[in-house]
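Reviewing the structure listed below.
In the numbering used here, the protein residues as written are 21 to 165.
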(Lines of atoms letter the chains of each structure in order from A and count residues from 1; the text may use other names and numbers.)
(Lines give C-alpha, C1' and ligand atoms only; values in the text may rest on other atoms or scores of the structure.)
Protein backbone atom coordinates (compact mmCIF):
# COMPACT_ATOMS: atom_id res chain seq x y z
CA UNK A 1 0.00 0.00 0.00
CA UNK A 2 2.99 2.30 0.47
CA UNK A 3 3.60 2.09 -3.29
CA UNK A 4 0.03 3.25 -3.99
CA UNK A 5 0.11 5.97 -1.35
CA UNK A 6 3.31 7.36 -2.83
CA UNK A 7 1.66 7.67 -6.23
CA UNK A 8 -1.43 9.30 -4.75
CA UNK A 9 0.77 11.83 -2.98
CA UNK A 10 2.74 12.52 -6.17
CA UNK A 11 -0.47 13.03 -8.14
CA UNK A 12 -1.94 15.23 -5.38
CA UNK A 13 -5.32 13.46 -5.48
CA UNK A 14 -7.72 12.36 -2.75
CA UNK A 15 -7.90 8.57 -2.36
CA UNK A 16 -9.06 6.58 0.67
CA UNK A 17 -7.37 3.18 0.90
CA UNK A 18 -9.02 0.36 2.84
CA UNK A 19 -7.06 -2.77 3.67
CA UNK A 20 -9.39 -5.32 5.32
CA UNK A 21 -11.22 -8.62 4.91
CA UNK A 22 -13.79 -7.76 2.26
CA UNK A 23 -16.41 -10.00 3.84
CA UNK A 24 -16.15 -8.11 7.13
CA UNK A 25 -16.38 -4.59 5.76
CA UNK A 26 -19.02 -2.31 7.20
CA UNK A 27 -19.37 0.31 4.49
CA UNK A 28 -22.24 2.43 3.28
CA UNK A 29 -24.22 1.07 0.35
CA UNK A 30 -23.53 2.84 -2.94
CA UNK A 31 -20.60 4.79 -1.55
CA UNK A 32 -17.87 4.06 -4.12
CA UNK A 33 -17.26 5.41 -7.60
CA UNK A 34 -14.43 2.94 -8.13
CA UNK A 35 -13.40 -0.36 -6.54
CA UNK A 36 -10.05 -1.93 -7.41
CA UNK A 37 -9.18 -5.53 -6.56
CA UNK A 38 -5.46 -6.14 -6.88
CA UNK A 39 -5.05 -9.84 -6.18
CA UNK A 40 -7.92 -10.72 -3.86
CA UNK A 41 -10.37 -12.46 -6.18
CA UNK A 42 -8.05 -15.33 -7.17
CA UNK A 43 -7.76 -16.27 -3.48
CA UNK A 44 -11.53 -16.56 -2.95
CA UNK A 45 -13.11 -20.01 -2.86
CA UNK A 46 -15.74 -20.65 -5.55
CA UNK A 47 -18.66 -20.67 -3.10
CA UNK A 48 -17.79 -17.10 -2.01
CA UNK A 49 -17.94 -15.63 -5.54
CA UNK A 50 -21.65 -14.82 -5.33
CA UNK A 51 -21.16 -12.92 -2.06
CA UNK A 52 -18.13 -11.13 -3.55
CA UNK A 53 -20.08 -9.97 -6.62
CA UNK A 54 -23.05 -8.92 -4.49
CA UNK A 55 -20.67 -6.86 -2.36
CA UNK A 56 -19.37 -5.07 -5.46
CA UNK A 57 -22.92 -4.29 -6.58
CA UNK A 58 -23.86 -3.10 -3.10
CA UNK A 59 -20.88 -0.82 -2.62
CA UNK A 60 -20.59 0.71 -6.09
CA UNK A 61 -22.60 3.76 -6.99
CA UNK A 62 -24.77 3.42 -10.11
CA UNK A 63 -22.43 3.74 -13.10
CA UNK A 64 -19.44 3.08 -10.81
CA UNK A 65 -16.43 1.09 -12.00
CA UNK A 66 -14.83 -2.12 -10.78
CA UNK A 67 -11.29 -3.07 -11.82
CA UNK A 68 -9.68 -6.43 -11.26
CA UNK A 69 -6.16 -7.86 -11.40
CA UNK A 70 -6.23 -11.65 -11.20
CA UNK A 71 -4.02 -14.65 -11.86
CA UNK A 72 -4.20 -16.01 -15.38
CA UNK A 73 -4.35 -19.81 -15.63
CA UNK A 74 -0.79 -21.18 -15.36
CA UNK A 75 0.56 -17.66 -14.86
CA UNK A 76 4.11 -16.82 -13.90
CA UNK A 77 3.23 -16.04 -10.26
CA UNK A 78 0.37 -18.49 -9.73
CA UNK A 79 -2.87 -19.42 -11.36
CA UNK A 80 -3.97 -22.95 -10.65
CA UNK A 81 -6.18 -24.36 -13.40
CA UNK A 82 -8.05 -26.76 -11.13
CA UNK A 83 -11.83 -26.88 -11.40
CA UNK A 84 -14.20 -25.60 -8.74
CA UNK A 85 -14.94 -29.21 -7.81
CA UNK A 86 -11.23 -29.98 -7.40
CA UNK A 87 -10.87 -27.04 -4.98
CA UNK A 88 -13.15 -28.87 -2.55
CA UNK A 89 -11.79 -32.35 -3.22
CA UNK A 90 -8.20 -31.13 -2.62
CA UNK A 91 -9.30 -28.62 0.05
CA UNK A 92 -6.93 -26.13 -1.54
CA UNK A 93 -6.82 -23.21 -3.96
CA UNK A 94 -3.26 -24.31 -4.78
CA UNK A 95 -1.90 -20.84 -4.04
CA UNK A 96 -4.56 -19.02 -6.04
CA UNK A 97 -6.95 -19.84 -8.83
CA UNK A 98 -6.14 -18.91 -12.39
CA UNK A 99 -8.78 -17.63 -14.78
CA UNK A 100 -9.28 -17.28 -18.50
CA UNK A 101 -10.83 -14.26 -20.17
CA UNK A 102 -13.94 -16.36 -20.86
CA UNK A 103 -14.28 -17.35 -17.19
CA UNK A 104 -14.01 -13.75 -16.00
CA UNK A 105 -16.65 -12.67 -18.53
CA UNK A 106 -19.00 -15.33 -17.22
CA UNK A 107 -18.32 -14.71 -13.52
CA UNK A 108 -18.77 -10.94 -13.83
CA UNK A 109 -21.62 -11.03 -16.35
CA UNK A 110 -23.84 -8.95 -14.04
CA UNK A 111 -21.49 -6.02 -14.69
CA UNK A 112 -20.92 -4.33 -18.02
CA UNK A 113 -17.58 -5.44 -19.39
CA UNK A 114 -15.41 -2.56 -20.58
CA UNK A 115 -12.24 -4.59 -21.14
CA UNK A 116 -10.55 -7.84 -20.13
CA UNK A 117 -6.98 -8.42 -21.27
CA UNK A 118 -3.60 -9.77 -20.27
CA UNK A 119 -1.62 -7.38 -18.10
CA UNK A 120 1.13 -5.64 -20.04
CA UNK A 121 4.55 -6.48 -18.60
CA UNK A 122 6.68 -3.46 -17.67
CA UNK A 123 10.33 -3.23 -16.66
CA UNK A 124 11.33 -2.08 -13.18
CA UNK A 125 12.48 1.22 -14.68
CA UNK A 126 9.04 1.94 -16.12
CA UNK A 127 6.79 4.31 -14.17
CA UNK A 128 3.83 1.89 -14.41
CA UNK A 129 3.46 -1.57 -12.87
CA UNK A 130 2.97 -4.62 -15.06
CA UNK A 131 3.77 -8.34 -14.83
CA UNK A 132 3.22 -11.36 -17.05
CA UNK A 133 0.70 -13.95 -15.96
CA UNK A 134 -2.14 -11.70 -14.87
CA UNK A 135 -5.47 -10.79 -16.40
CA UNK A 136 -6.89 -7.33 -15.81
CA UNK A 137 -10.48 -6.30 -16.23
CA UNK A 138 -12.54 -3.16 -16.11
CA UNK A 139 -16.29 -3.33 -15.55
CA UNK A 140 -19.12 -0.89 -14.95
CA UNK A 141 -22.15 -1.23 -12.70
CA UNK A 142 -25.18 -0.10 -14.63
CA UNK A 143 -28.06 1.68 -12.94
CA UNK A 144 -30.13 -1.48 -13.15
CA UNK A 145 -28.97 -5.05 -12.68
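Even glycine gets a Cβ: it sits at the ideal position worked out from N, Cα and C.
Note that the structure is a prediction, hence the values are computed from the model and not measured.
Cβ distance (whole Å) where residue i is taken to contact residue j below 8 Å
i           : j           : result
residue 83  : residue 160 : 7 Å
residue 113 : residue 65  : 7 Å
residue 96  : residue 153 : 3 Å
residue 79  : residue 47  : 6 Å
residue 69  : residue 127 : 6 Å
Contact set for residue i: own chain, Cβ-Cβ below 6 Å, skip 5 residues either direction
i           : result
residue 91  : 62, 98, 99, 116, 118
residue 145 : none
residue 35  : 28
Which of helix, strand or coil DSSP assigns to residue i
i           : result
residue 136 : strand
residue 125 : helix
residue 92  : strand
residue 160 : strand
residue 142 : coil
Residue j beta carbon less than 8 Å from that of residue i
i           : j           : result
residue 88  : residue 57  : yes
residue 139 : residue 124 : no
residue 135 : residue 155 : no
residue 43  : residue 21  : no
residue 71  : residue 93  : no
Neighbourhood of residue i by C-beta distance below 8 Å, restricted to the same chain and skipping five residues each side
i          : result
residue 76 : 55, 86, 131, 161
Proximal residues to residue i (C-beta, below 7 Å), its chain only, five neighbours per side dropped
i           : result
residue 141 : 150, 151, 152
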